[in-house]
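If you want the working numbering, it's the position in the sequence shown, counting the first as 1, plus 84. Positions of the beta carbon are idealized from the N, C-alpha and C atoms, including for glycine. All of these numbers come straight from a predicted model, not from anything done at the bench. Below is one structure, written out as structure tokens; comments come after it.
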Amino acid sequence: MGTEQQAGRRAGAGRRLLSLVTASLVTLGAGVVFLTTAPPAGADPIKKCTRTKGAVVAVDFGRWGGPVVRGCDTTPTTGYELLHTAGFTTQGTGHDGPAFICRIGNRSFGKGRQYPTPAEEDCVLTPQATAYWSYWIASPGQRKWTYSPLGAMSRALRPGDVDAWVFGATDIGGTKGRPSFTPDEVRAEGGDPPAPGDPPAPNVPPGTIDLPAATRWLTERLTNGQRVVNDGDTTPDYLATTEVAYALAATDSEHPTARRIAAFLGRPEHTDAYAYPAGKDEAPDATAAARLALVAEATGKDPRNFGGHDLLGDLLANVCLSGSDAPQPVPGCVTKGDFRTTGQTEGQTLAVIALLNGGVTPPSDSVARLTQLQCDDGGFPSFLILDGQVCESEAPTTALVALALQRAGGHLPVVTRARSSLKKAQFTTGAWPAASYSIPGSAYATGWAAQTLRALGDRGHADAGLSWLSRQQLPGGGFAFEEGATDPLLYATAAAILAGAKSDLVTLTTPEPTPPTTPPTAP
């Protein structure tokens, strides 16, 4: 039954070092290490579960200095049975019975002792909301936890589900008790199998990016802490400003500088100047409108009321119903499904992501337009080409489109081919080139490819990319565009930060779930 995480848990608690024993030590997420032990008799080994078979549960014993322990149930039924089949023991309360889980134990920690101990909680009555086990759930494809509205006995599991139990407290709204690790960090590996012939992840030493140094370098590029103004210019570089907002929000969903940037961009004069250059009552620049919508979504603002505009409504109102071959072509429309004035794959893809994360279903033609761009090698080009035109795939574009189509759902074959294309394009150093014909590794391309492959479950390839990025960080904290260059660039640094934060453009702009205000008590 849901319990809530301790109020005193510091933000840095998620970065504590926990011991992990499998066959070897494996570090995941923001420094959190997970323990997967040999299961007790009757428990399913974790390797028996995949992303599409069985369910996984993770229990955080960090309150008592312990690890996050994972377990597996290959034939999941309920959250309660998952705990027991995965090798955990539980005890309910005298008042509520076994349905309200008051203690949890596992033989891999504390010699199987159940926690909290009787000295901490007698488990006679329902525990106080300040200290009890909270229950969090994530369905297949979800990368953020949701506070379970049901008790563990009532939660019916599906293949690929993942559960988490964390001891502690939360605020009255239940919004601060989430696990310090993400669902993807504790999911089983495998599931959607890689395409035949996919190479293994490069064998490179582990590495991490110095995120504080990188974000410091990035914020130093801002004028008045709210906008980018390039040398010799007097007006803001709005596109670069949005990039800074994404990167900072990836490191902290409530980053004060990211929110200042959003407030600046949300002033009507700046929203109009960037996204409505033809006039505030005219069709928007679709790429700019999508970028602003994503800034709004990443910083807790409303994209339907940003700078005096309904950005999502304006995107929907300016989807091309026909192309340039129509009897009366609409300006800015090349073919059906395009967002007017985009021209580039990036703008089309950002618009799709912005709509999805804003709770709006994008037009099917707009999503299909992306799938139709796939090159023979599985990658995607940077321009919205038409049938018969030369298709040259680029890793950053491929990564972005794969993220969008994964978020949209229903396009597994296309995503699988894109995923395979990215893995095949990766150098043995862990880097990706900016284009298929490039020789040096690119921090910009590697940042994009690594964040997408991590989101798709290919952590080995993503970690190899992060390893390469860690060796490219310049003394000042920034990143150059390509290997061997010494001039740090904003776009390369922003992409590297997202990869280093183990986030991605879809995750950081997805609204946080709103948990109930009280834990469920029904079985």
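In whole angstroms, give me the CA-to-CA distance for residue i and residue j.
i	j	result
residue 298	residue 369	30 angstroms
residue 621	residue 186	Limits of the chain in this structure are 85 at one end and 607 at the other, which puts residue 621 out of reach.
residue 445	residue 517	33 angstroms
residue 231	residue 408	48 angstroms
residue 487	residue 553	21 angstroms
residue 455	residue 499	9 angstroms
residue 310	residue 382	15 angstroms
residue 238	residue 261	21 angstroms
residue 236	residue 250	14 angstroms
residue 101	residue 264	Bear in mind that the predicted position of residue 101 carries a pLDDT of just 23, short of 50, making it too unreliable to give a figure here.
residue 435	residue 313	25 angstroms
residue 468	residue 153	46 angstroms
residue 565	residue 519	12 angstroms
residue 466	residue 181	59 angstroms
residue 151	residue 179	30 angstroms
residue 188	residue 172	7 angstroms
residue 267	residue 191	23 angstroms
residue 584	residue 591	14 angstroms
residue 525	residue 214	50 angstroms
residue 90	residue 450	Bear in mind that a pLDDT of 29 at residue 90, under 50, signals an unreliable position, so the model cannot answer this.
residue 132	residue 558	42 angstroms
residue 134	residue 496	17 angstroms
residue 302	residue 475	34 angstroms
residue 290	residue 283	19 angstroms
residue 380	residue 415	28 angstroms
residue 515	residue 393	40 angstroms
residue 589	residue 541	15 angstroms
residue 412	residue 483	35 angstroms
residue 361	residue 322	12 angstroms
residue 343	residue 376	12 angstroms
residue 293	residue 223	30 angstroms
residue 401	residue 378	18 angstroms
residue 586	residue 295	11 angstroms
residue 332	residue 562	14 angstroms
The ligand GDP heavy atoms versus the CB of residue i: any closer than 6 angstroms?
i	result
residue 505	In the structure shown, the ligand GDP is absent, as is every other ligand, since no ligand is present at all.
Check the DSSP bridge columns for residue i and list the partner residues they point to.
i	result
residue 218	250
residue 142	154 and 248
residue 389	According to DSSP, residue 389 bridges with nothing at all.
residue 162	240
residue 312	306
residue 526	566
residue 467	428
residue 358	None; residue 358 has no bridge partner.
residue 198	189
residue 423	403
Under three-state DSSP, which class holds residue i?
i	result
residue 330	helix
residue 590	helix
residue 179	coil
residue 174	strand
residue 441	helix
residue 242	coil
residue 109	With a pLDDT of 24 at residue 109, under the threshold of 50, the predicted position of this residue should be treated as unreliable, though the coordinate-derived value follows. Looking at residue 109 - three-state DSSP - the assignment turns out to be coil, as it is neither helix nor strand.
residue 132	helix
residue 305	coil
residue 451	helix
residue 566	strand
residue 491	helix
residue 191	coil
residue 474	coil
residue 584	helix
residue 504	helix
residue 230	strand
residue 351	coil
residue 403	strand
residue 516	coil
residue 543	helix
residue 480	helix
residue 320	coil
residue 575	helix
residue 395	helix
residue 121	Because residue 121 sits at a pLDDT of 40, beneath the cut-off of 50, its placement in the model cannot be relied upon, and the following sentence gives the value as read from the coordinates. Coil, per DSSP.
residue 257	Unreliable placement is indicated for residue 257, whose pLDDT of 47 sits below 50; the coordinate value is still reported in the next sentence. Note: residue 257 maps to coil in three-state DSSP.
Am I right that residue i and residue j are in contact with their C-beta atoms under 8 angstroms? What's the rounded C-beta distance?
i	j	result
residue 477	residue 463	2 angstroms
residue 148	residue 199	6 angstroms
residue 328	residue 140	Wrong, their Cβ atoms sit about 36 angstroms apart, outside the cutoff.
residue 373	residue 405	The pair is not a contact, with the Cβ atoms about 18 angstroms apart (cut-off 8 angstroms).
residue 156	residue 272	7 angstroms
message: I want to know whether the stretch 505-513 touches the stretch 527-543 - three or more CB-CB distances under 8 angstroms.
response: They touch, by the three-pair rule.
message: Between the stretch 447-461 and the stretch 405-422, can you find at least three pairs of beta-carbon atoms closer than 8 angstroms?
response: With a cut-off of 8 angstroms, the stretch 447-461 and the stretch 405-422 count as touching, because enough Cβ pairs lie within range.
message: Below 8 angstroms, how does it come out for the stretch 353-363 and the stretch 327-344: are there three or more Cβ pairs, yes or no?
response: Flag = no, the stretch 353-363 and the stretch 327-344 do not touch.
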